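Encoded as structure tokens, the structure appears first; notes follow it.
Number of protein chains: 2
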Amino acid sequence: MTGRPRSFDRDAALAAAVEQFWRVGYDETTIATLTSAMGVTPPSLYAAFGDKERLFQEASRTYFARTCEGMDEAATRPTAHEAIAEMLDGTARAHTDAATPPGCLVLTEPRLGSQRAAVRERLRSRLDRGVRDGDLPAATPTDELAGFLLAVMRGMSGCARDGGSAEDVLAIARTALRALPPPVDRGPLPPD
Amino acid sequence: MTGRPRSFDRDAALAAAVEQFWRVGYDETTIATLTSAMGVTPPSLYAAFGDKERLFQEASRTYFARTCEGMDEAATRPTAHEAIAEMLDGTARAHTDAATPPGCLVLTEPRLGSQRAAVRERLRSRLDRGVRDGDLPAATPTDELAGFLLAVMRGMSGCARDGGSAEDVLAIARTALRALPPPVDRGPLPPD
DNA sequence: GTCATTCCATAGCGATCACTACACAAGGAG
DNA sequence: CTCCTTGTGTAGTGATCGCTATGGAATGAC
């Protein structure tokens, strides 16, 4: 019933898998590189995580959860402009963090389209709140704008993957903010 | 000296190879799918194109030449705003043309970084001309702006690959234009 | 201790990868 | 026709892919 205990840290092994998928993508990641990076033999990998596909799903879910944390925290900024600026800034920092592979797994991996849609939905949701709060014009095309911002984030990821510096990626984010509608002036007091 | 003549159209076979690399990328394209799509057996492929790497180089060079044609033609527009708008519009149309795979080979394939740098350079060059012509402010950060536009184009390609419609991709292009500096008023005629 | 259960390590499965050896076919030169 | 050159088609190379059969090691239950 109980059996021999596992000889490796499952979470640590999963983190190593995340790092692999993140750096070279699903297709270029092989079971051999995974077992090497995770410090685990193939049978142990399959016993603990199923197959390559399920391991990738679990890895991408872990990765995506962290991404969403960052976005949700940035979304708490009082105005839509500040929130979007913080999201793009955090994205730029994450994409060029020397401690992790460049770019973003969700924005790069072809098969993670649904996660990208979720990111876009989060962007739109924050823009919608900006319209409700009155710091964005009522006529703001929030869905179009969210699609644009997702595209910019993807471009930032690609720039980082091509070796772009943190400043290069940040410059993209800064420029993208110019495409937002001008903030609505709501009087002498800050709206929050 | 003369030998047996080739039994297939080299250009047509190359075009089929371009289509393969374009649709699924370098890594996912196998010799087997290439020979099938090109209507050629492996020895003929290797005799005519070298190996997979050289075939890809020739295919991407062919593809890139067409891309540059489109950009150079768009660059002839009188103002920088019109030229950039035309480039983004042409990009959007190319990325969602039903007759070709969605997205862009150059903007998608990791190993084509130098071609992406060339696209960015073309964008910067046209922006620089806009500054010289006086339809962009003298202080315009043309290099940063070119990096931003390349990122947007990459995002447009990704959107198309994710199944985005022509209108979705065009909306990204339209929104990106809002990030350009306002045109310099150069007299009684409206600059737009 | 014995047993059942679970994990680990070696070793290798069939399939597919990029690529090619070999024999033959199709042309020009003489 | 006989050569010579070059392309074609079959069939298969060693390497690597994702994945697993098998046997032994490590635990708890009794």
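Going line by line, the protein sequences match chains D and F. Each step along the first sequence adds one to the number in the numbering used here, with nothing skipped, and position 122 is 122. Each step along the second sequence adds one to the number in the numbering used here, with nothing skipped, and position 20 is 1020. Backbone N, C-alpha and C define an ideal beta-carbon position, used for all residues, glycine too. Fair warning: this is a prediction, and the values are worked out from it, not measured in the lab.
{"query": "Three-way DSSP call (helix, strand, coil) for Gly158 of chain D in this model", "result": "helix"}
{"query": "Cys159 of chain D at chain F interface by Cβ criterion, 8 Å", "result": "yes"}
{"query": "Segment limits, alpha helix (DSSP H) that includes Cys1068 of chain F", "result": "1052-1075"}
{"query": "Three-way DSSP call (helix, strand, coil) for Phe1008 of chain F in this model", "result": "coil"}
{"query": "Interface flag, Gly1147 of chain F vs chain D, CB-CB below 8 Å", "result": "yes"}
{"query": "Segments assigned alpha helix (DSSP H), at least 4 residues, entirely inside the segment 1076-1139 of chain F", "result": "1080-1095, 1105-1108, 1113-1133"}
{"query": "Val1040 of chain F in three-state terms, based on DSSP", "result": "coil"}
{"query": "Pro1102 of chain F: contacting residues in chain D (beta-carbon distance under 9 Å)", "result": "Under the 9 Å cutoff, chain D gives no residues; its nearest Cβ is about 11 Å from Pro1102 of chain F."}
{"query": "C-beta neighbour in chain D for Arg1154 of chain F, strict 8 Å", "result": "yes"}
{"query": "Proximal residues of chain D, C-beta to C-beta of Thr1175 of chain F below 7 Å", "result": "Glu144, Leu145, Phe148, Ala179"}
{"query": "Cutoff 6 Å; reference Gly70 of chain D; Cβ partners in own chain excluding five residues on either side", "result": "Gly90"}
{"query": "CB contact below 8 Å: Gly1262 of chain F versus chain D", "result": "Outside the displayed span of chain F (1001 to 1192) sits residue 1262 of chain F, for which this structure offers no information."}
{"query": "Residues of the segment 1109-1137 of chain F whose Cβ lies closer than 9 Å to any Cβ of chain D, in chain order", "result": "Pro1110, Gly1113, Arg1116, Ala1117"}
{"query": "C-beta neighbour in chain D for Ala1074 of chain F, strict 8 Å", "result": "no"}
{"query": "Alpha carbon of Thr1062 of chain F to alpha carbon of Asp1162 of chain F, nearest angstrom", "result": "25 Å"}
{"query": "Bounding residues of the alpha helix (DSSP H) (the contiguous stretch that carries Ala179 of chain D)", "result": "Note, Ala179 of chain D: premise wrong, no alpha helix (DSSP H); not H, not E."}
{"query": "Of the residues F:Ala1146, F:Ala1092, F:Thr1175, F:Gly1113, the one placed nearest Arg1129 of chain F, counting alpha carbons only", "result": "F:Ala1146"}
{"query": "Where the segment 19-35 of chain D meets chain F: residues whose CB sits under 8 Å from a CB there", "result": "Asp27, Glu28"}
{"query": "Exposure label - Pro1042 of chain F; buried when at least 16 CB within 10 Å", "result": "exposed"}
{"query": "Three or more C-beta pairs below 8 Å linking the segment 110-118 of chain D and the segment 1123-1143 of chain F", "result": "no"}
{"query": "Gly1147 of chain F - DSSP class collapsed to helix/strand/coil", "result": "helix"}
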